[in-house]
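For the sequence shown, our numbering assigns the number 89 to the initial residue and increments by one for each residue that follows. Note that CB positions come from ideal geometry on N, CA and C, so glycine has one too. Predicted model only: the values in this text are computed from it and were never measured.
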Amino acid sequence: MAEERAQRRLAAIMAADVVGYSRLIELDERGTLAALKERRKEILEPLVRQHQGRIVKVMGDGVLVEFASAVNAVTCAVEFQKGMIAANQGRADDRQIVLRIGINLGDVVVEGRDLFGDGVILAVRLQAIAGPGDICISGSVYDQVKRKLDFSFDELGTHAIKNIAEPVAVYRIVPSTISEYQGPAEKAPLPLPAKPSIAVLPFTNMSNDSEQEAFVDGLTAALRPGD
89 MAEERAQRRL
99 AAIMAADVVG
109 YSRLIELDER
119 GTLAALKERR
129 KEILEPLVRQ
139 HQGRIVKVMG
149 DGVLVEFASA
159 VNAVTCAVEF
169 QKGMIAANQG
179 RADDRQIVLR
189 IGINLGDVVV
199 EGRDLFGDGV
209 ILAVRLQAIA
219 GPGDICISGS
229 VYDQVKRKLD
239 FSFDELGTHA
249 IKNIAEPVAV
259 YRIVPSTISE
269 YQGPAEKAPL
279 PLPAKPSIAV
289 LPFTNMSNDS
299 EQEAFVDGLT
309 AALRPGD
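What follows is the structure, encoded as structure tokens:
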């Protein structure tokens, strides 16, 4: 029997993990695990649903999330980091839970609910490049979001990534972009006119009788303001 062909799809993958996880566990294992569980439930899961993503798996201090859209992945990551910053308020500096995030857009291999392949590997490698509180994205993600999202980016140049054949362009979302992000801008409602107004559209002859055209033109002219 021929080997079954693997299912593949294009996906935006967000990989996130906790900076200094082992140190936090050593300081306060129970408190750290409880805080991580709470933040996944209160911050991450609602954001993933809001941006039409899917949590692929949780790996101790890390999480892998799939999105159909690079724009949704980046927006979710920024809001996730901002939510973590807010949640750290009031915690001692050495007890704060800080994330680093990598995002890649690429081909992935699907096995059940899990994902594999270069698209996933690169997202994890970008996460490792990111500093505390940072979001690093690949050039493929940058090309999709640079004109669609009002974020600022630092170009970090091309990086040789382990197990990836070609160097990868890497960009970092400027940290101030994250802290200052206020969500999608809402369009202001159109102002209402000071006086009541009426829109007059031309009448259309719905019949096949050509003699009705004169009647239709007469009604339109009679209702046209200023005539």
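CA-to-CA distance, residue j to residue i, given in whole angstroms
| i | j | result |
| --- | --- | --- |
| Ala216 | Ile191 | 11 Å |
| Ala211 | Gly178 | 31 Å |
| Glu274 | Lys170 | Confidence at Glu274 is low in this model, with a pLDDT of 48, below 50, so the placement of that residue should be treated as unreliable; the coordinate-derived value is given next. Taking the straight line joining both Cα atoms gives about 19 Å. |
| Gln184 | Arg111 | 11 Å |
| Val208 | Arg118 | 30 Å |
| Leu124 | Glu133 | 12 Å |
| Thr246 | Arg213 | 13 Å |
| Val136 | Met172 | 14 Å |
| Lys234 | Ile266 | 15 Å |
| Val144 | Arg128 | 13 Å |
| Val159 | Gln232 | 7 Å |
| Asp116 | Asp149 | 14 Å |
| Ala94 | Arg201 | 13 Å |
| Gly219 | Ser264 | 14 Å |
| Val146 | Leu152 | 6 Å |
Exposure of residue i, with buried meaning 16 or more beta-carbon neighbours within 10 Å
| i | result |
| --- | --- |
| Arg260 | buried |
| Ala276 | Low local confidence applies: a pLDDT of 45 at Ala276 is under 50, so the model's placement there is unreliable, with the coordinate-based value given in what follows. So Ala276 counts as exposed. |
| Ala180 | exposed |
| Asp105 | buried |
| Glu243 | exposed |
| Glu167 | buried |
| Ala248 | exposed |
| Ala99 | buried |
Per DSSP, cross-strand counterpart(s) of residue i
| i | result |
| --- | --- |
| Arg96 | Val197 |
| Leu210 | None, per the DSSP bridge assignment. |
| Gly150 | Asp105 and Met147 |
| Ile266 | Paired residue(s): none; Ile266 is not in a bridge. |
| Thr246 | Ala257 |
| Leu121 | Bridge partners of Leu121: none, in fact. |
| Ile323 | The structure shown does not extend to residue 323, since the chain spans only 89 to 315, so no value can be given for it. |
| Phe155 | Ala100 and Gly141 |
| Phe241 | Ile261 |
Inter-residue CB distance, residue i and residue j (contact presumed, cutoff 8 Å)
| i | j | result |
| --- | --- | --- |
| Val186 | Gly221 | 5 Å |
| Arg142 | Glu154 | 5 Å |
| Ala165 | Ile223 | 5 Å |
| Val256 | Ser240 | Actually they do not touch by this definition, with Cβ atoms about 20 Å apart. |
| Ala103 | Ile189 | 7 Å |
| Gly194 | Ser228 | 6 Å |
| Val198 | Arg97 | 6 Å |
Secondary structure of residue i, DSSP reduced to three states
| i | result |
| --- | --- |
| Ala218 | coil |
| Ala104 | strand |
| Arg142 | strand |
| Asn192 | strand |
| Phe168 | helix |
| Gly116 | According to the sequence as given, residue 116 is Asp; it is not Gly. In this structure, Asp116 counts as coil in the three-state DSSP scheme. |
| Leu203 | strand |
| Ile252 | coil |
| Arg179 | coil |
Near the ligand NAD: residue i beta-carbon under 6 Å from a heavy atom
| i | result |
| --- | --- |
| Ala104 | What this structure holds is no ligand at all, so the ligand NAD is not there to describe. |
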